[in-house]
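Okay, so here's the structure we're looking at.
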Amino acid sequence: MEVTTRLTWIQEKLLEQLLGKASLTLLYKSSVHQFITLDITKRCSNQGSTMTVIHLKQNIVGVFMLEQFPLLRSEKSSTCVWFSFRQGSSTGMSALVLNTQVEVSVTQLKFFSPGGFSLIVDPRNYELHLSAEVIKELQLDLKGVSPYLECEIFRVDGIKRDPEFIKKMVTVKQYRKKLLSALRAYRPHEDLVPEVRILLVGPVGSGKSSFFNSVKSAFQGHLTRQAIVGSDEDSVTKQYRVYTVKDGEGGKMLPFLLCDSMGLDERKGAGLCIDDIPHILNGYVPDRYQFNPCKPKEVRLSTYCTSPPLKDRIHCVAYVLNINSVNMLSDQMVAKLKKIHRDAVHCGVREVALLTNVNNCDEVLDDNFLNMTESMTSRSQVKNVQDMLNIPIANILMVSNYALERSLDPLKDVLIFAALNQMLRTANDSLEDLFLKETASANDSLKRRSRLRK
Ligand SMILES: Nc1nc2c(ncn2[C@@H]2O[C@H](COP(=O)(O)OP(=O)(O)O)[C@@H](O)[C@H]2O)c(=O)[nH]1
Ligand SMILES: [Mg+2]
25 MEVTTRLTWI
35 QEKLLEQLLG
45 KASLTLLYKS
55 SVHQFITLDI
65 TKRCSNQGST
75 MTVIHLKQNI
85 VGVFMLEQFP
95 LLRSEKSSTC
105 VWFSFRQGSS
115 TGMSALVLNT
125 QVEVSVTQLK
135 FFSPGGFSLI
145 VDPRNYELHL
155 SAEVIKELQL
165 DLKGVSPYLE
175 CEIFRVDGIK
185 RDPEFIKKMV
195 TVKQYRKKLL
205 SALRAYRPHE
215 DLVPEVRILL
225 VGPVGSGKSS
235 FFNSVKSAFQ
245 GHLTRQAIVG
255 SDEDSVTKQY
265 RVYTVKDGEG
275 GKMLPFLLCD
285 SMGLDERKGA
295 GLCIDDIPHI
305 LNGYVPDRYQ
315 FNPCKPKEVR
325 LSTYCTSPPL
335 KDRIHCVAYV
345 LNINSVNMLS
355 DQMVAKLKKI
365 HRDAVHCGVR
375 EVALLTNVNN
385 CDEVLDDNFL
395 NMTESMTSRS
405 QVKNVQDMLN
415 IPIANILMVS
425 NYALERSLDP
435 LKDVLIFAAL
445 NQMLRTANDS
455 LEDLFLKETA
465 SANDSLKRRS
475 RLRK
């Protein structure tokens, strides 16, 4: 009879993705095979990398071992990934990379690592013993000793047998999780508006619509293509679109809107009409407005007397530029971008640049995923954008949009989330400033009115 795992399909995928694109083959299952040291080691040693998975009522806890499963006790420590996630949750895995020793005795399977980390499987009593350090670092809501339902050991195939690579994969996941929590905790400054608005502008084909699709995909946990993208010479996007993004399938709406515009064209009378920009920035252009490249939107003067509320205005302009062609922009295109920059400054809106089509994702961020590496920030494209649009280096962001991929990539997600995070912070700077300006001018007019009354 074939022995099948207790893991659900989603759980199995989650574990396979923890290490890149691995595949799992079940070697040992406690409820089927006996816990006899000889039996376990016969099944699991000489199999290459393995993953031990312990099923508890509410959680799954486990250890991935890069080196061979030992016959009795591992000679020296080796790279292991200790992980946990909640049953029923397809996201939110906690993981640690620890130099670990493994021991199989007559009564126990034991993983231990310096710093007080220990995980012991006691099959006679179906108990899992975890040290306080493990409980804390894996964010488990468990006591030191918990009953378990099943213990399984898998062979892991298809991974890069490189401790540095494994470390990087796990760190990327942890950093993605951190960024996601920061994004979930984001609030527009002083709750002045329900959502901040980020305007995506840039040449035709630079990846504006793809960026929205990428953000949506990263939050949904699977690839989506709501906005139509294309590689026509003319802009595929003809309408102004204000997109919302939900936090996961059926999740709540996130407090930002991505405003996708028609692409800029270096030719006169083609692409987004540059005179539409002030109207967009000031909130006069509604969702699904059909752009006319030759004529800006008519805004009746009377409506200017009562300008649209703060919530309808743009709070961050993102210049979306393809990193491979940013050094070759025509003078006409640069002139259009500079005009938008002047309009943004005039309206008090802060700006970022988003460089798309970055191929070498893993070179962008430093080892801790905290900062852009120096080699990336010193590139000519970054200097060029900095000079052209006077954008501070912290606001020059890099992504690789989802274009031809079949599945999500945590490294791409990290860059997408990091870029979005900086856009939201920038939007808050604008909000704070716009609010102060509005309050000052409202106070001025109040004073003027009271002086007139006197
Ligand atoms: N490889 C790669 N292709 C991209 C990226 N961003 C956009 N694309 C592709 O470039 C083309 C134009 O993208 P699109 O989002 O329609 O550009 P837009 O005109 O600025 O909205 C599409 O074929 C996209 O798949 C990226 O970061 N990497
Ligand atoms: Mg588009």
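Under this note's numbering, the first residue of the sequence shown is numbered 25, with each subsequent residue one higher. For glycine and all other residues, C-beta sits at the position ideal for the given N, C-alpha and C.
Which stretch, first to last residue, makes up the beta strand (DSSP E) that contains residue i?
i: residue 102; result: 102–110
i: residue 342; result: 340–346
i: residue 171; result: 169–171
i: residue 47; result: 47–53
i: residue 409; result: Where residue 409 is concerned, there is no enclosing beta strand (DSSP E), although the alpha helix (DSSP H) it sits in stretches over 404–413.
i: residue 74; result: 74–79
Relative to the C-alpha of residue i, which candidate in the options has its C-alpha closest?
i: residue 85; options: 126, 34, 292, 170; result: 170
i: residue 391; options: 185, 271, 161, 197; result: 197
i: residue 447; options: 397, 339, 387, 462; result: 339
i: residue 460; options: 176, 334, 233; result: 334
i: residue 382; options: 355, 357, 435; result: 435
i: residue 87; options: 160, 40, 143, 116; result: 143
i: residue 101; options: 403, 122, 109, 111; result: 122
i: residue 163; options: 112, 83, 366; result: 83
i: residue 195; options: 40, 118, 445, 149; result: 118
Would you mind sorting residue i into buried or exposed? The rule is 16 or more other CB atoms within 10 Å of its CB.
i: residue 125; result: buried
i: residue 33; result: exposed
i: residue 352; result: exposed
i: residue 318; result: exposed
i: residue 443; result: buried
i: residue 237; result: buried
i: residue 418; result: exposed
i: residue 70; result: exposed
Are there any heavy atoms of ligand 2 lying less than 7 Å away from the beta-carbon of residue i, as far as the coordinates show?
i: residue 240; result: no
i: residue 391; result: no
i: residue 253; result: yes
Whole angstroms are fine: how far does the CA of residue j sit from the CA of residue i?
i: residue 155; j: residue 93; result: 22 Å
i: residue 315; j: residue 286; result: 7 Å
i: residue 276; j: residue 59; result: 46 Å
i: residue 308; j: residue 297; result: 15 Å
i: residue 202; j: residue 378; result: 21 Å
i: residue 173; j: residue 397; result: 45 Å
i: residue 180; j: residue 423; result: 31 Å
i: residue 95; j: residue 104; result: 17 Å
i: residue 281; j: residue 441; result: 14 Å
i: residue 235; j: residue 130; result: 55 Å
i: residue 219; j: residue 451; result: 10 Å
i: residue 458; j: residue 217; result: 12 Å
i: residue 420; j: residue 373; result: 16 Å
i: residue 456; j: residue 213; result: 6 Å
i: residue 370; j: residue 363; result: 11 Å
i: residue 193; j: residue 248; result: 24 Å
i: residue 388; j: residue 400; result: 6 Å
i: residue 345; j: residue 288; result: 11 Å
i: residue 61; j: residue 128; result: 6 Å
i: residue 176; j: residue 207; result: 36 Å
i: residue 310; j: residue 271; result: 24 Å
Identify the continuous alpha helix (DSSP H) that holds residue i and give its terminal residues.
i: residue 64; result: 61–68
i: residue 273; result: Here residue 273 belongs to no alpha helix (DSSP H), and DSSP marks it neither H nor E.
i: residue 133; result: Careful: residue 133 lies outside any alpha helix (DSSP H), inside the beta strand (DSSP E) at 133–137.
Any heavy atom of ligand 1 closer than 7 Å to the Cβ of residue i?
i: residue 229; result: yes
i: residue 248; result: no
i: residue 260; result: yes
i: residue 233; result: yes
i: residue 377; result: no
i: residue 427; result: yes
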